[in-house]
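**Student:** Here you go, one structure.
Chains as they are written, first to last, in this note's numbering: chain A, 72 to 248; chain B, 61 to 159.
If you want it as structure tokens, here you go:
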């Protein structure tokens, strides 16, 4: 990775501002994700999750996908996090600390995560270490909507039915009889 | 920018999410870890879409966001039901189907 970065810098086409923003946002995202899965306080975990989701929206902007970024903010930060906070409040027995998992379980989970990271990271570095990403201009939202309503219309309809089914299912599961 | 910086960020977030799913016992916190995993996948989709200059990546990222919303709705309903029946959302106690 560093070798590829140095090569790109030598070519003189390294976009400094974009990379600085990428590194800053990525650092915030990784730290927040780490705190989200390790903090003992459930409400704090939801707030760390907000930082991860907002950071992902910023990365989508860096990648030129404005519409995905705006949808990310609307759906995730606006709706899903509120849903999580309601879930935390309604299951108030665990409002405070998460009962700590046993040490052995944590160690095994950490081993699995590190091994997975090594395998995927190694594969990615092996395959894409000098693939450049050139983003000249943001992706027009009209292209996205055209694709959704022509090429991917069947998938769109399937997602619509899925959302309806999930809505009805959630009401049926959660209501009091 | 390099493609790999986005892919590696996605991989790191994915691993953190996997750790959360495996290590957490609170049902709501497991769902949050699943959200981190889905987000890392979205970053990969959008990065590959930008690489190939294709809208398919963005379109499927939108589909993933919609499916994640559905998943959270159902998941939280199940966690609520579990809390109502057992007064606990500790997933390690949910072992009634164990033989």
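Each residue gets a CB set at the ideal place from its N, CA and C atoms; glycine is no exception.
Can you tell me whether residue 207 (chain A) is helix, strand or coil according to DSSP?
**Tutor:** DSSP places residue 207 (chain A) in coil when its eight states are reduced to three.
**Student:** Counting only beta-carbon separations shorter than 8 Å, does residue 149 (chain B) have a partner in chain A?
**Tutor:** Cβ-Cβ to chain A under 8 Å: yes for residue 149 (chain B).
**Student:** Along chain A, which residues have their Cβ under 7 Å away from the Cβ of residue 103 (chain B)?
**Tutor:** The answer, in chain order, is 127, 130.
**Student:** Using a C-beta to C-beta distance shorter than 8 Å, which residues of chain A count as neighbours of residue 153 (chain B)?
**Tutor:** Near residue 153 (chain B) there are no residues of chain A at all, since even the closest Cβ is about 10 Å away, more than 8 Å.
**Student:** DSSP three-state label for residue 113 (chain B), please.
**Tutor:** Looking at residue 113 (chain B) - three-state DSSP - the assignment turns out to be coil, as it is neither helix nor strand.
**Student:** Can you confirm whether residue 132 (chain B), when its beta carbon is compared against all beta carbons of chain A, has any partner nearer than 8 Å?
**Tutor:** It does: the Cβ of residue 132 (chain B) has a partner Cβ on chain A nearer than 8 Å.
**Student:** Taking 8 Å as the cut-off, does the segment 87-95 of chain A touch the segment 85-96 of chain B (at least 3 CB pairs, one atom from each stretch)?
**Tutor:** No, they do not touch.
**Student:** What is the rounded straight-line gap between the Cα of residue 107 (chain A) and the Cα of residue 197 (chain A)?
**Tutor:** Each residue's Cα considered, the two are about 30 Å apart.
**Student:** Which chain B residues are close to residue 240 (chain A), counting only those with a beta carbon under 7 Å from its beta carbon?
**Tutor:** Correct list: 134.
**Student:** Indicate the three-state DSSP secondary structure (helix, strand or coil) for residue 62 (chain B) in the structure shown.
**Tutor:** Strand, per DSSP.
**Student:** Mind reading off the beta-carbon distance from residue 195 (chain A) to residue 71 (chain B)? Whole number of angstroms is fine, and I expect it under 8 Å.
**Tutor:** With a Cβ gap of about 6 Å, residue 195 (chain A) and residue 71 (chain B) count as contacting.
**Student:** Can you give me the Cβ contacts of residue 209 (chain A) inside the same chain, cut-off strictly under 6 Å, excluding the 5 residues immediately before and after it?
**Tutor:** Once the five neighbours on either side are set aside, the close Cβ partners of residue 209 (chain A) are 135, 137.
**Student:** To the nearest angstrom, how far is the alpha carbon of residue 141 (chain B) from that of residue 245 (chain A)?
**Tutor:** If you take the alpha carbons of residue 141 (chain B) and residue 245 (chain A), they lie about 6 Å apart.
**Student:** Note down the Cα distance separating residue 91 (chain A) from residue 124 (chain A), rounded to an integer number of angstroms.
**Tutor:** Roughly 19 Å between the two C-alpha positions.
**Student:** The segment 131-143 of chain A: which residues have C-beta closer than 8 Å to a C-beta of chain B, in chain order?
**Tutor:** The residues in question are 131, 133, 134, 135, 136, 138, 139, 142, 143.
**Student:** Give the interface partners of residue 63 (chain B) over in chain A, defined as CB-CB distance under 8 Å, in chain order.
**Tutor:** Residues of chain A passing the Cβ test: 199, 202, 203, 204.
**Student:** In chain B, which residues lie with their C-beta within 7 Å of the C-beta of residue 196 (chain A)?
**Tutor:** Within 7 Å Cβ-Cβ: 64.
**Student:** Going by other Cβ atoms of all chains shown within 10 Å of its Cβ, with 16 needed for buried, is residue 166 (chain A) buried or exposed?
**Tutor:** Since pLDDT at residue 166 (chain A) reaches only 49, below the 50 mark, its modelled position is unreliable, and no value is offered.
**Student:** For residue 157 (chain B), which residues in chain A fall below 9 Å Cβ to Cβ?
**Tutor:** Result: empty, since nearest Cβ-Cβ is about 17 Å, beyond 9 Å.
**Student:** Please check the pair residue 107 (chain B) and residue 68 (chain B), which I expect to be a contact at CB under 8 Å, by giving their CB distance rounded to whole angstroms.
**Tutor:** At roughly 10 Å, the Cβ-Cβ gap does not stay under 8 Å, so residue 107 (chain B) and residue 68 (chain B) are not in contact.
**Student:** Does the Cβ of residue 128 (chain A) have 16 or more other Cβ atoms within 10 Å, making it buried, or fewer, making it exposed?
**Tutor:** When all chains shown are included, residue 128 (chain A) counts as buried.
**Student:** Alpha carbon to alpha carbon, how far is residue 184 (chain A) from residue 103 (chain B)? Give it in angstroms, no decimals.
**Tutor:** Cα-Cα distance, rounded: 19 Å.
**Student:** Is the CB of residue 99 (chain B) under 8 Å away from at least one CB in chain A?
**Tutor:** For residue 99 (chain B), the answer is yes, since a Cβ of chain A falls inside 8 Å of its Cβ.
**Student:** To the nearest angstrom, how far is it from the Cα of residue 113 (chain A) to the Cα of residue 161 (chain A)?
**Tutor:** Going by the C-alpha atoms only, they are around 13 Å apart.
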